Amino acid sequence: MIFEKVINQPVIETERFDLRPLRMSDMGLIELYAGDERVARQTAVIPHPLPPGMTEDFIRRSQSDDRVEDVWAMDSTRSGGHELMGVLGLKRLGRKQTEVGYWVAPAFWNSGIAQEAVAVVITANPLGSDTIFASVFQDNPASARVLTNQGFQYLGDAETYSVARGANVPTWTYSLKLS
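Going letter by letter, the sequence shown gives residues 1 to 179 in the UniProt record's numbering.
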């Protein structure tokens, strides 16, 4: 018998889907979607191709009691939909500041899932943040719109190394004051 680890992280409900903590049963879908080069190239940390064991390690870290990031699956099974449409994370930066990051599986692009996930995590503010930061690659204007539509303010340009691209990539950096 296999038991899932229960972690101290809330489930955040929306009308269309829930943001719920990751579980080991998500491994196959995360590998499928994050292993897609189109997804990996829009993140800083997902390599392409995915090395063996990386997804399992990612889920284990997300379930750890001393994790630095809370990670949620975008899950619409409650409303008869898909078990995993994407992933959203909030990384603790200190001083009541966090950084939001997300990716959505290509099958769900342009469906408003990322927009709704970011909106609900801002409203729920599960880590009690005063400020949320985010950065997106400049060749991903759809992700930038997700942030600006939620009130994030442009802070400036920077560069971030993308493992999948094997290069530094220009980014736009944003922040949102919650208090």
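Glycine included, C-beta positions come from ideal geometry on N, C-alpha and C.
None of these values were measured; they are calculated from a predicted model.
> With burial defined as no fewer than 16 other Cβ atoms inside 10 Å of the residue's Cβ, what is the status of SER135: buried or exposed?
Replying inline: In the assembly as shown, SER135 is a buried residue. Its beta-carbon has 16 or more other beta-carbons within 10 Å.
Worksheet entry | Residue range of the beta strand (DSSP E) that includes ALA74 | In the sequence on display, residue 74 carries Met and not Ala. Residues 69-75.
Assigned exposure category for TRP109 - 16 Cβ within 10 Å defines buried = Exposed is the call here.
* Asked: Closest by CA to GLN42, which one among SER79, ALA167, ARG95, GLY94?
  -> Of the candidates SER79, ALA167, ARG95, GLY94, the one whose C-alpha sits nearest the C-alpha of GLN42 is ALA167.
Notebook entry, point to check: Is it true that the CB of GLN138 sits closer than 7 Å to the CB of TRP172?
Noted result: In contact: TRP172 and GLN138 (Cβ atoms closer than 7 Å).
Task: Range covered by the alpha helix (DSSP H) that runs through PRO47 - done: Here PRO47 belongs to no alpha helix (DSSP H), and DSSP marks it neither H nor E.
- Query: Between the stretch 55-71 and the stretch 11-19, are three or more C-beta pairs nearer than 8 Å?
  - Reply: The stretch 55-71, when compared against the stretch 11-19, does not touch it at the 8 Å Cβ threshold.
Item to complete: With DSSP collapsed to three states, give me the class of LEU88.
Response: Residue state, collapsed to three classes: strand.
* To do: Check LYS177 in the structure and name its three-state DSSP category.
  => The answer is strand: DSSP assigns LYS177 an E or B state.
Q: Look at the alpha carbon of PRO106 and the alpha carbon of ALA114, and state the distance between them as a whole number of angstroms.
A: Note on geometry: alpha-carbon atoms of PRO106 and ALA114 lie some 12 Å from one another.
* In this structure, what does DSSP give as the bridge partners for PHE137? -> Answer is THR171, bridged to PHE137.
With respect to the alpha helix (DSSP H) encompassing ALA158, which residues constitute its N-terminal and C-terminal limits?
Note, ALA158: premise wrong, no alpha helix (DSSP H); beta strand (DSSP E) at 153-162.
For this session: Report yes if the C-beta distance between THR131 and LYS177 is below 7 Å; otherwise report no.
Result: If you check the CB distance, THR131 and LYS177 come in under 7 Å.
**Asked** Hey, would you say LEU147 sits closer than 7 Å to LEU90, going by beta carbons?
**Response** For the pair LEU147 and LEU90, the CB atoms are not nearer than the 7 Å cut-off.
Item to check | Delimiting residues of the alpha helix (DSSP H) encompassing residue 183 | outcome: With the chain represented from 1 up to 179, any question about residue 183 goes unanswered, as that position is not in the structure.
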